[in-house]
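UniProt numbering applies: residue 1 is where the sequence shown begins, and numbers increase by one.
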Amino acid sequence: MKMVEIFKALSNPTRLRIVQGLKDPKKNFPPQDEGDVDVVGVCVSSIQEGVGLSQSTVSNYLATLQRAGLVEVRRIGQWTYYKRNEATISAFAKIIEKGL
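Next comes the structure, spelled out in structure tokens:
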């Protein structure tokens with residue numbers, strides 16, 4: 001696990017908000033036309049609309065979260081969907097609980 005990468009990724013308030021929002025995507029992001037958000041994840045455009053930033057900024061933030069292992073990515077056609085990587089988040093929480 002890349003602890004420093006995770007801390008860096010979560011140190012930005014918007015990236016933290018994205019990860020928190022993906023915990024309950026139906027509540028925190030606008031509806032999307034394609035697929036069930038609990039199965040495929042949330043489309044970048046819905047995340048962008050939810051946080052109110054440009055597409056390029058949101059894409060950069062999501063890439064940082066992906067490198068840290070906090071989100072999983074799924075491409076369907078031309079669209080990219082993101083959802084939380086619960087295994088990484090759970091392991092990170094256990095490390096913090098025991099070691100910090």
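All residues carry an ideal CB built from backbone N, CA and C; glycine is no exception. For clarity, every value in this text was computed on a predicted model and none was experimentally measured.
Anyone know if the C-beta pair for V19 and F29 falls short of 8 Å?
no
Going by the CB atoms, is the gap between A91 and M1 shorter than 8 Å?
yes
For V51, collect the residues of the same chain with a Cβ closer than 7 Å to its Cβ; drop the 5 residues on either side in sequence, then sort them by chain order.
T14, R17, I18 and V58
Can you give the Cα-Cα distance for P25 and V37, rounded to whole angstroms?
7 Å
Using the C-alpha atoms, what's the distance from Y61 back to A9?
8 Å
Using only alpha-carbon positions, find the residue among E97, L53, R84 and S11 that is nearest to Q66.
R84
Whether S11 touches Q32 by CB criterion (8 Å):
No, they are not a contact pair.
For a quick check, are the C-beta atoms of R74 and V40 less than 8 Å apart?
Against a cut-off of 8 Å, the Cβ pair of V40 and R74 comes out as a contact.
Looking only at its chain, what residues have a beta carbon closer than 8 Å to the beta carbon of S54, apart from the 5 residues adjacent to it on each side?
Closer than 8 Å at Cβ, skipping near neighbours: Q48.
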